[in-house]
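Peer 1: Supplied in structure tokens, the structure appears directly below.
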Amino acid sequence: MGRWRPPGEKSTAIITRAGFERLRAELDELWRRRRPEVVKALAAAAAEGDRSENAEYTYRKKQLAEIDRRVRYLSKRLQTLKVVEGRPADPEVVYFGARIELERMSDGEIVRYRIVGADEADARAGLISVDSPLARALLRRRLDDEVEAQLPSGPVRYMIVAIEYD
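Numbering (this note's numbering), first residue to last: 56 to 221.
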């Protein structure tokens with residue numbers, strides 16, 4: 056039996072088509088290429104004899120466990136995710152999948168984000184989770200609306216300058 060972990064915060068089970076395809080490609084890569092390589096290396100390390108002092112064997116066992124853990128997660132997650140595609144009826148309102156350009160009210164800096172599912176969020180790439188404080192503040196807002204988001208650094212005010220959909 057595995058180690059008990061407290062339940063994590065549930066994330067919204069929606070994703071863009073591109074994000075879904077990336078997760079499916081990652082699962083395929085892990086299952087068809089990486090796992091067989093690690094199993095082969097593990098068998099070679101096990102054949103070397105004494106496993107108690109075999110660093111290669113220990114490393115490969117841990118690597119295999121990490122791959123299996125990720126494969127299990129992706130297999131379950133891909134079954135529960137709902138792919139959201141298409142343009143909304145009103146493209147001047149912020150919904151899931153929107154590319155938003157915001158002007159920070161304090162200094163006039165322009166920032167760009169896309170609202171995506173939790174599994175594809177990457178703040179450095181401008182992809183924010185639909186569950187993030189900023190995305191929650193932006194959802195269902197219109198072009199030229201001012202929004203205030205409670206970020207970890209404190210409250211920040213933005214004006215919605217542009218909204219685009221793929």
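Ideal placement from N, C-alpha and C gives every residue a C-beta, glycine not left out.
Predicted model, so just to flag it, every value in this text is computed and none were measured.
Is A80 helix, strand or coil by DSSP?
Peer 2: It is helical.
Peer 1: Checking 8 Å against the spacing of the C-beta atoms, do I215 and V202 come in under that value?
Peer 2: Yes, these two residues count as a Cβ contact at 8 Å.
Peer 1: Hey, would you say I69 sits closer than 8 Å to L136, going by beta carbons?
Peer 2: Cβ distance < 8 Å, so I69 and L136 count as in contact.
Peer 1: Please classify V93 as buried or exposed, where buried requires at least 16 neighbouring CB atoms within 10 angstroms.
Peer 2: That one is buried.
Peer 1: Fully enclosed by the region 159 to 215, which alpha helix (DSSP H) runs are 4 residues long or longer?
Peer 2: 188 to 193, all fully within the region 159 to 215.
Peer 1: Under 8 Å Cβ to Cβ from R196, same chain only, skipping five residues before and after it: list those, please.
Peer 2: The residues are V148, V149, V202 and I215.
Peer 1: So, for R72: in the same chain, excluding its five sequence neighbours on each side, which residues have a beta-carbon less than 6 Å away from its beta-carbon?
Peer 2: Result list for R72: V138 and E140, in chain order.
Peer 1: Kindly indicate which three-state DSSP category M56 falls into: helix, strand or coil?
Peer 2: Confidence is the limiting factor: at M56 the pLDDT is only 41, short of 50, which leaves the residue's position unreliable and the question unanswerable from this model.
Peer 1: Answer with buried or exposed for L206, where buried requires no fewer than 16 other C-beta atoms within 10 angstroms of its C-beta.
Peer 2: Label assigned to L206: exposed.
Peer 1: With three or more C-beta pairs closer than 8 Å as the rule, is the region 80 to 95 touching the region 109 to 126?
Peer 2: Touching, yes.
Peer 1: Are the CB atoms of A99 and N109 within a distance shorter than 8 Å?
Peer 2: Contact flag unset, no.
Peer 1: Around the C-beta of D83, are 16 or more other C-beta atoms found within 10 angstroms, so that it is buried, or is it exposed?
Peer 2: Flag for D83 reads exposed.
Peer 1: By how many angstroms is the C-alpha of G104 removed from the C-alpha of P53?
Peer 2: Limits of the chain in this structure are 56 at one end and 221 at the other, which puts residue 53 out of reach.
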